[in-house]
Amino acid sequence: MAVARCFPFDLAKKSSPRLTIHRQLWTSVLASPLRFQGVWEGKHRFVGMAILVGIFLLLGTTRSLYAQDSDHGYQETLKETLDRIETSFQVTLQYDPKLVADKKLDYAFWRIRPGNLELSLTAVLAPFDLTYYQEGASTYSIKPFQYHKKSISAAKEELEYFERLYHDRVSWEDRKSQLRQCMLEALGLLALPEKPASEPIISNKRKYKGYSAENVALEVLPGIFTTGTVYRPRPLKKEYPIIIMPNGHFGQGRYRESEQIRAAILARMGAVVVTYDLFAWGESQLQFASEDHRLSAAHTLQTWNGLQWIDYLSSLPETDAARVGVTGGSGGGSQTMLLTAIDERITVAVPTVMVSSHFSGGCPCESGKPIHLCGGGTNNAEIAAMAAPRPMLIISDGGDWTHTVPQLEFPFIQRTYGFYGAQDKFANAHFPAEGHDYKYSKRQAMYPFMAEYLGLEIDKYRNEEGKVDETNITIEIENDLKVFGENGERLPENAIEGRKALFNLLE
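Encoded structure:
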């Protein structure tokens, strides 16, 4: 019976046909260099040079190939393997050379999966705690593993897995209930010390055209304060809906111009609005250093602060606690999703430039506590879907991790709204040519949505183009927005300071 041989060597001659050919060429060059003289010195000398270079490369490639065996663990450098992937899949891999320097990979050839780039990259990079992100159609960046990011294809598979977990309202409500309870526990909200019964601290009341503003501090835990500015319609005539605006990681925090405009316009349209500091930002830095913002405890405290602002605004005689909106951008978008998921009092939500199935938030204040491990694993798209059937508008753009919303996250979340027959209450305003911000165009998408579902007065504030007129708003300096004074001179005596005191309180 004939047996087909898969070896490249002629075992009888102990020689590879390819090596034999290369050896003959090399011997010919060494033995008769004048044979190439005419080529070298004549008009074709560059062709001759190319032939010689090609011979050297072929010999090098052959030596590399035949050095691969199990005795040596099929080892090669990580850079060699990445070069091979670039060639095989016709892609560009971008990375810092220092990231791969001196790294060697065992069984490198065997990790590459023909026809599957992402499996190949995963198998090659995982041993070094590296990962990849798609930057373009054929461009990938290689970076150290980042727990809050995943590839778009991995996110797509995850969403498809979620869809297999529940197929109707009943099964989804069961999943949602499990997620909510787990998230409350993961954040530590159920184990926090009792909230003090202290009165809110109010300062610097002022009046402007169509709205008023005052600065407020709430003692949310013993010795810990959240600070913000409350905007009201002026004059007050009836009960108004509530809108809380958790801040994001934009320059100047809640003191920036665009934040003031958004709050004042919504107040002028007929809502009682609050903008408030991130933990260890703004006046919170009177108690905690800026680097404390990256503690996982920030995730807990920012969520707790949002809940306390809802409590406070709901207690005011001029508010209607049955109508509660929330909107924020970036990290404020993370809080918008999270607060809406865990607090049924919220009746309408507009998370901005944050909803993504492949990005959980790059700050520990967004992903520092294990809420994304709940239910065997979840992501921000599923967390956003927990708003259903309450009205939600997702604002996204083409310049950050929300660029996939129209094709990926929106259909997934819309399916969940379909369980309630409430698809018409879920919308997406996508700005493909814009980036990560909450500027004019995005605010113009938010205003009518809030107006529709909170009963705000919008038509009288439209300009000739049909947009909400944002003029006649007074932009205040930072010190005007502070509760405790320019230098914190009115900070209460019982205020704790520093992470050590915080940890002692939370133990």
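The sequence shown lines up with residues 1 to 507 when you count with the numbering used here. We treat Cβ as the ideally placed atom computed from N, Cα and C, and that holds for glycine.
Exercise. Flag this pair as touching only if the stretch 382-400 and the stretch 411-419 have three or more C-beta atom pairs under 8 Å; answer yes or no.
Key: yes
Self-check item: Cα-Cα separation, Leu266 to Ser212
Solution: As a position in the sequence shown, residue 266 is number 266, starting the count at 1. As a position in the sequence shown, residue 212 is number 212, starting the count at 1. So the alpha carbons of these two residues sit roughly 12 Å apart.
Quiz item: With a CB to CB cut of under 6 Å and the five nearest residues on each side skipped, what residues in its chain are close to Phe503?
Solution: Within the sequence shown, numbered from 1, the residue matching residue 503 stands at position 503. Nothing listed; no residue qualifies.
Self-check item: N- and C-terminal bounds of the beta strand (DSSP E) containing Gln94
Solution: Translated into positions along the sequence shown, residue 94 becomes position 94. In the DSSP assignment, Gln94 falls within the unbroken beta strand (DSSP E) covering 92-94.
Exercise. Have a look at Phe431 and Phe359 and give me their C-alpha separation to the nearest angstrom.
Key: Along the sequence shown, one-based indexing puts residue 431 at 431. Along the sequence shown, one-based indexing puts residue 359 at 359. CA-CA distance, Phe431 to Phe359, rounds to 19 Å.
Quiz item: For Thr275, is the classification buried or exposed, using 16 other Cβ atoms within 10 angstroms of its Cβ as the cut-off for buried?
Solution: Within the sequence shown, residue 275 is the residue found at index 275, counting from 1. The residue is buried, with at least 16 neighbouring Cβ atoms inside 10 Å.
Practice problem: Could you spell out where the beta strand (DSSP E) holding Ala429 opens and where it closes? | Solution: On the sequence shown, residue 429 is found 429 positions in, with the first residue counted as 1. Taken as a continuous stretch (DSSP letters only), the beta strand (DSSP E) holding Ala429 covers 426-431.
Quiz item: By how many angstroms is the C-alpha of Glu464 removed from the C-alpha of Gly377?
Solution: Residue numbering aside, residue 377 sits at position 377 when the sequence shown is read from its first letter. Residue numbering aside, residue 464 sits at position 464 when the sequence shown is read from its first letter. Going from the Cα of Gly377 to the Cα of Glu464 covers about 48 Å.
Quiz item: Can you name the residues that DSSP bridges to Ser203?
Solution: Numbered from its first residue, the sequence shown carries residue 203 at position 203. In the DSSP output, where bridge partners are listed per residue, Ser203 has Asn215.
Quiz prompt | At least 3 beta-carbon pairs within less than 8 Å: the stretch 139-147 vs the stretch 101-112 | solution = no
Practice problem: For the beta strand (DSSP E) containing Val230, list its first residue and its last residue. | Solution: As a working note, residue 230 is residue 230 in the sequence shown. 224-233 is the span of the beta strand (DSSP E), which, as asked, contains Val230.
Quiz prompt | Supposed close pair Leu161, Lys149 - CB separation, criterion 8 Å | solution = Looking up residue 161 in the sequence shown gives position 161. Looking up residue 149 in the sequence shown gives position 149. In the sequence on display, residue 161 carries Tyr and not Leu. With a Cβ gap of about 18 Å, Tyr161 and Lys149 do not count as contacting.
Quiz item: Could you give the residue range of the alpha helix (DSSP H) that holds Ala297?
Solution: The residue labelled residue 297 in the question sits at position 297 within the sequence shown. Start and end: 297-315.
Quiz prompt | Runs of beta strand (DSSP E) lying entirely within the stretch 333-393, each at least 3 residues, in chain order | solution = 348-352
Quiz item: How close, in whole Å, do the beta carbons of Pro233 and Arg206 come, if the pair is a contact with beta carbons under 8 Å?
Solution: Taking the first residue of the sequence shown as 1, we reach residue 233 at position 233. Taking the first residue of the sequence shown as 1, we reach residue 206 at position 206. Contact flag wrong, Cβ pair sits at about 14 Å.
Quiz item: What distance in whole Å lies between the Cβ atoms of Thr229 and Asn215, which are believed to be in contact at a cut-off of 8 Å?
Solution: The residue given as residue 215 occupies position 215 in the sequence shown. The residue given as residue 229 occupies position 229 in the sequence shown. About 5 Å separates the two Cβ atoms, so the contact holds.
Quiz item: Ordered along the chain, which non-local residues of its own chain (more than five positions away) have a Cβ less than 6 Å from that of Tyr447?
Solution: Numbered from its first residue, the sequence shown carries residue 447 at position 447. Excluding positions up to five away in sequence, the list reads Val468.
Quiz item: How would you write the range of the beta strand (DSSP E) that Ala320 sits in, first residue to last?
Solution: One-based indexing of the sequence shown puts residue 320 at position 320. Ala is not the amino acid found at residue 320; the sequence shown has Asp there. Run containing Asp320: 319-329, per the beta strand (DSSP E) assignment.
Quiz item: Of all the options Gly331, Gln252, Arg262, which has the alpha carbon lying nearest to the alpha carbon of Asn472?
Solution: Stepping through the sequence shown from its first residue, residue 472 is reached at position 472. Closest by alpha carbon: Arg262.
Quiz item: Does DSSP put Met446 in a helix, in a strand, or in coil?
Solution: By 1-based counting over the sequence shown, the position of residue 446 is 446. Three-state DSSP puts Met446 in a helix.
Quiz item: Considering only the beta carbon of each residue, do Gly435 and Gly399 sit closer than 7 Å?
Solution: Residue numbering aside, residue 435 sits at position 435 when the sequence shown is read from its first letter. Residue numbering aside, residue 399 sits at position 399 when the sequence shown is read from its first letter. Against a cut-off of 7 Å, the Cβ pair of Gly399 and Gly435 comes out as a contact.
Quiz item: In its own chain, which residues sit with a C-beta less than 8 Å from the C-beta of Ser32, not counting the 5 before and 5 after it?
Solution: The residue you call residue 32 lines up with position 32 of the sequence shown. Unreliable positioning characterises Ser32 in this predicted model, as indicated by a pLDDT of 42, which lies under 50. The coordinate reading is nonetheless provided below. Cβ within range, chain order: n/a, list empty.
Quiz item: Can you tell me whether DSSP reads Ala495 as helix, strand or coil?
Solution: On the sequence shown, residue 495 is found 495 positions in, with the first residue counted as 1. Ala495: coil per DSSP, three-state reduction.
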